[in-house]
């Protein structure tokens with residue numbers, strides 16, 4: 162049976178990789194967009210995601226685990242596919258927003274997976290994950306609104 166620190170480290174490691182994917186995804190979006198307002202928003206999301214990663218890594222250190230700097234394999238493949246797609250179709254705003262929405266859907270799944278283990282996690286970790294999940298949900302709604310303004 163795993164102790165709480167081991168389980169917490171396992172959940173946080175996985176979640177931090179998804180948050181690191183989020184950082185890379187929004188850096189790419191900020192680089193690729195031609196819309197100055199979108200660029201500013203994506204840069205805000207990079208900062209928010211870096212803060213989330215720092216929070217998660219701080220908790221990892223507090224349970225005796227190493228900070229997580231890497232991203233997921235799935236995220237690397239997705240970003241590679243988006244780069245290929247952008248090279249073929251151009252970097253239109255709708256495609257950028259769609260890829261960001263897709264990424265936030267992955268983030269929601271990662272947050273939900275982490276919260277599936279809430280009974281095995283310290284309460285402060287559960288609260289942090291729930292707070293980050295809510296911010297991701299708000300981002301989803303904002304991205305959907307952005308998409309409707311360009312349709």
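Numbering (this note's numbering), first residue to last: 162 to 312. The beta carbon of each residue, even a glycine, is placed where N, CA and C say it ideally should be.
Legend entry - Rounded straight-line distance, which links the Cα of residue 209 to that of residue 269: Along the chain shown, read from residue 1 onward, the residue named residue 269 stands at position 108. Along the chain shown, read from residue 1 onward, the residue named residue 209 stands at position 48. Using only the alpha carbons, I get a separation of about 16 Å.
Inset, instruction - Excluding the 5 residues preceding and the 5 following residue 183 in the sequence, name in chain order all residues of the same chain whose CB lies nearer than 7 Å to its CB. - result: For this step, residue 183 is matched to residue 22 along the chain shown. Here the set comprises 210, 264, 268.
Inset, instruction - Write down every uninterrupted run of the beta strand (DSSP E) in the segment 242-303 whose length is 3 residues or greater and which is fully enclosed by it, in chain order. - result: Taking only runs of at least 3 residues, no beta strand (DSSP E) segment lies wholly in the segment 242-303.
Legend entry - Cut-off 7 Å between Cβ atoms - residues of its own chain near residue 222, not counting five sequence neighbours on either side: Within the chain shown, numbered from 1, the residue matching residue 222 stands at position 61. The residues are 228.
Legend entry - C-alpha gap between residue 286 and residue 196, whole angstroms: Here residue 286 refers to the residue found at position 125 of the chain shown. Here residue 196 refers to the residue found at position 35 of the chain shown. C-alpha of residue 286 to C-alpha of residue 196: approximately 36 Å in a straight line.
Inset, instruction - Measure the beta-carbon distance from residue 217 to residue 176 and round it to whole angstroms, keeping in mind my assumption that it falls under 8 Å. - result: Residue 217 sits at position 56 when you count from the first residue of the chain shown. Residue 176 sits at position 15 when you count from the first residue of the chain shown. Taking the Cβ atoms as the reference, residue 217 lies roughly 6 Å from residue 176, within the contact range of under 8 Å.
Inset, instruction - Mark residue 258 as exposed unless 16 or more other C-beta atoms lie within 10 angstroms of its C-beta, in which case mark it buried. - result: Along the chain shown, one-based indexing puts residue 258 at 97. Burial call: buried.
Inset, instruction - Just the C-alpha distance for residue 168 and residue 304, rounded to the nearest angstrom, thanks. - result: For the purposes of this step, residue 168 is taken as residue 7 along the chain shown, with counting starting at 1. For the purposes of this step, residue 304 is taken as residue 143 along the chain shown, with counting starting at 1. Cα atoms of residue 168 and residue 304: separation of roughly 33 Å, rounded to the nearest angstrom.
Legend entry - Residue closest to residue 297, alpha-carbon to alpha-carbon, out of 254, 277, 224, 213: Indexing the chain shown from 1 puts residue 297 at position 136. The residue from 254, 277, 224, 213 with its alpha-carbon nearest to that of residue 297 is 213.
Legend entry - Beta-carbon proximity check, residue 308 vs residue 255, cutoff 8 Å: The residue you call residue 308 lines up with position 147 of the chain shown. The residue you call residue 255 lines up with position 94 of the chain shown. The Cβ-Cβ distance between residue 308 and residue 255 falls below 8 Å.
Inset, instruction - Buried or exposed for residue 165, please, with buried defined as at least 16 other CB atoms from any protein chain shown within 10 angstroms of its CB. - result: By 1-based counting over the chain shown, the position of residue 165 is 4. So residue 165 counts as exposed.
Inset, instruction - State the Cα-Cα distance for the pair residue 279 and residue 291, rounded to the nearest angstrom. - result: The residue you call residue 279 lines up with position 118 of the chain shown. The residue you call residue 291 lines up with position 130 of the chain shown. So the alpha carbons of these two residues sit roughly 10 Å apart.
Legend entry - Rounded Cβ spacing between residue 262 and residue 301 (contact assumed at less than 8 Å): Your numbering for residue 262 matches position 101 in the chain shown. Your numbering for residue 301 matches position 140 in the chain shown. The pair is a contact, with the Cβ atoms about 7 Å apart (cut-off 8 Å).
Legend entry - Neighbourhood of residue 188 by C-beta, 7 Å cutoff - its chain only, sequence neighbours within 5 removed: Working through the chain shown from its first residue, we reach residue 188 at position 27. Within the same chain, residue 188 has close Cβ partners 207.
Inset, instruction - Taking the CB atoms as reference points, tell me whether residue 204 and residue 191 lie closer together than 8 Å. - result: For this step, residue 204 is matched to residue 43 along the chain shown. For this step, residue 191 is matched to residue 30 along the chain shown. A contact, by the Cβ cut-off of 8 Å.
Inset, instruction - Please confirm whether residue 272 and residue 293 have their CB atoms less than 8 Å apart. - result: By one-based count along the chain shown, residue 272 stands at place 111. By one-based count along the chain shown, residue 293 stands at place 132. Cβ atoms of residue 272 and residue 293: closer than 8 Å.
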